[in-house]
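J.: Starting off with a structure, shown below.
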Amino acid sequence: MINTTNDKNSREQDWSERVQHVIGTYIRETGRPVERMTRQDRLVVLGRLDEARVFAVRRATPAVAGALRVSRSTVYGLLAELRAPSAKDRQP
C-alpha cells in the first residue's frame with residue numbers, strides 16, 4: 000500500500016525548501032535582506048521561482064508572499080508583469 004500522505008508532505012517540503020533556497024541564494028548574491036528588496040529584486044526572485052516551477056504547486060503563492068514579506072496580491076501582480084510579453088517581443 001502506498002502512503003500518499005508522506006508523498007504529499009515530501010513534495011510540499013521539497014517546494015518550500017526550493018523557495019527558501021532561491022530566496023537565500025539571492026540574498027547571499029546581493030547582500031540585501033528580504034526587508035530591503037526593491038521591486039526589481041522581487042521580480043528577479045519571482046522569475047527564478049517561476050523557472051523552478053514553484054508556482055505549479057497549489058497554494059505556493061501565499062507561502063512565497065510570506066517569505067518575501069509582501070501581500071499575495073503583490074506576488075500576483077509581479078508575476079503578471081513578469082509573464083507579460085514585453086513590447087520588444089511583440090511583432091508589429
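Here numbering that gives the first Met the number 0 is used: position 1 in the sequence shown is 0, and no number is missing along the way.
Just so it is clear, CB atoms sit at the ideal spot from N, CA and C, and this is done for glycine as well.
Pull up the distance between the alpha-carbon of S72 and that of R58, whole angstroms please.
T.: The residue labelled residue 72 in the question sits at position 73 within the sequence shown. The residue labelled residue 58 in the question sits at position 59 within the sequence shown. Computed Cα separation, rounded: 13 Å.
J.: Any chance the segment 39-54 sits against the segment 12-25, with 3 or more Cβ pairs inside 8 Å?
T.: The segment 39-54 vs the segment 12-25: in contact.
J.: Rounded C-beta distance between A51 and V74? I'm assuming under 8 Å.
T.: In the sequence shown, the residue the question calls residue 51 occupies position 52. In the sequence shown, the residue the question calls residue 74 occupies position 75. Not really, about 15 Å apart at Cβ, beyond 8 Å.
J.: State the start and end residues of the unbroken alpha helix (DSSP H) segment that holds A66.
T.: Sequence index remark: in the sequence shown, residue 66 carries index 67 (1-based). It spans 59-67 - the alpha helix (DSSP H) in which A66 sits, taken as one unbroken run.
J.: If you drop the 5 nearest sequence neighbours on each side, which residues of the same chain put their C-beta closer than 8 Å to that of R17?
T.: Position 18 of the sequence shown, counting from 1, holds the residue named residue 17. Here the set comprises L48, A51, V53.
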